[in-house]
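Just below is one structure, and these are the notes that go with it.
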Amino acid sequence: MTAPTTSGPAEPSVSLDLGGRTALVTGAAGGIGHACALRLAAAGAKVRAVDRDAEGLAALVDQAHGLAGAVEARVVDLTDLDAAEAVAAGTDILVNNAGLQLVRPIEEFPPDVFHTVLTVMLEAPFRLIRGALPHMYAQGWGRIVNISSVHGLRASAYKSAYVAAKHGLEGLSKTAALEGASHGVTSVCVNPGYVRTPLVEKQIADQAAAHSLPEERVLTDVLLKDSAIKRLVEPDEVAEAVLYLCSPHAAFITGTSLALDGGWTAH
């Protein structure tokens, strides 16, 4: 029997080429958004990087030089909901990522901050989806990836606004999935546990005060208490999941949530 010949490694079975696609990533100046913008651009997409941090966006654009795609900075404050909807027009891929956090008991939670969190993390995604869908529907293809959280599936004390916003985002994502299915548009939530970002680093001090713990114990005793894998998620890990959900092989994944939580929700 003649042994089969080999001509080198097999071609990858999942196409990650996003050449010709326009993607929009909110909260792109840092953390998960920064990683997603670079990963989508590396796959060939033209990325609209949206944030209110002009300096952070400029650094992102510099870092994206030489990638297969490109990154274009769009300075937008997502509390301006009309501007949020307008910037999403003509996009093929929408990554709703922008967020903020405040850790306080409900009775001490500032109502204005609660309102701002819900505006940026729930109402703005609705307006961005609303702005993106006409183009997606017209071409019969679109990808909506909502960066939710383990807190979109589970609650934690002292995070009323964040938990409420993420739970609302889960419902919005499922509704978009049901409405978009016949138009070739998918909508999925990605649900990381605690990610190594400035937002999480700021929480350590807030959680220390809320739980009356020294900061060095917050990571092990609070943030990672319910995680089977005792480490933070890396932004690049989230970005790889987002990229996969934009690939042809993910066309049947919609209306669901992908937990990257180290086993938190296995409890």
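Counted from 1, the sequence shown has number 233 at position 233 by my numbering; the numbering is strictly sequential.
Virtual Cβ for every residue (Gly too), placed ideally from N, Cα, C.
Query	Result
Given S148 as reference, the closest of V71, H249, Y194, I106 once Cα atoms are compared	Y194
C-beta contact flag for L232 and N191 at 8 Å	no
Host alpha helix (DSSP H) of D236 (start-end)	235-245
Selection from R196, V103, G184 that minimises the alpha carbon distance to A30	Here residue 30 turns out to be Gly, not Ala, going by the sequence shown. Ranking R196, V103, G184 by Cα distance to G30 puts R196 first.
Three or more C-beta pairs below 8 Å linking the stretch 110-120 and the stretch 69-82	yes
Sub-8 Å separation of A34 and L60 beta-carbons	Going by the sequence as given, residue 34 is His instead of Ala. Result yes, Cβ atoms of H34 and L60 sit closer than 8 Å.
Closest by C-alpha distance to L223, when choosing among D261, V145, A138	D261
The beta strand (DSSP E) enclosing A49, as first and last residue numbers	46-51
Exposure of V203, with buried meaning 16 or more beta-carbon neighbours within 10 Å	Inspection of the sequence shows that residue 203 is occupied by Gln rather than by Val. So Q203 counts as buried.
T116 - containing alpha helix (DSSP H), residue span	111-118
Cβ shell of G27 (< 7 Å), same chain only, five flanking positions each side left out	G33, D51, N97, A98, G99
Residue closest to L128, alpha-carbon to alpha-carbon, out of C246, F109, L172	L172
Buried/exposed call for H249, threshold 16 Cβ in 10 Å	exposed
Status (buried if at least 16 other CB within 10 Å, exposed otherwise) for I144	buried
Exposed unless 16 or more other CB atoms sit within 10 angstroms - verdict on T186	buried
Segment contact flag, the stretch 126-141 with the stretch 161-180, C-beta cutoff 8 Å, min 3 pairs	yes
Reference L67; option with closest CA among K46, G131, E55, L102	K46
Residue closest to P111, alpha-carbon to alpha-carbon, out of R217, K159, A37, C246	K159
Cβ neighbour criterion (16 or more within 10 Å) applied to P198	exposed
3 or more residues per run - each beta strand (DSSP E) lying fully within the stretch 156-222	185-192
Distance, V103 Cα to A210 Cα	7 Å
Residues of its chain near V71, where Cβ-Cβ distance is below 7 Å and the 5 sequence neighbours each way are ignored	A37, A41, V47, A49, L60, V61, A64
Limits of the beta strand (DSSP E) - the one that G142 falls within	142-147
Close-in-space but distant-in-sequence residues of the same chain around G90 (CB under 7 Å, 5 per side omitted)	T22, H135
Rounded Cβ spacing between A275 and L24 (contact assumed at less than 8 Å)	For residue 275 there is no data in the structure shown, the boundaries of the chain being 1 and 267.
S164 versus L94: straight-line alpha-carbon distance, rounded	The question names Ser, but residue 164 in the sequence shown is Ala. Roughly 22 Å between the two C-alpha positions.
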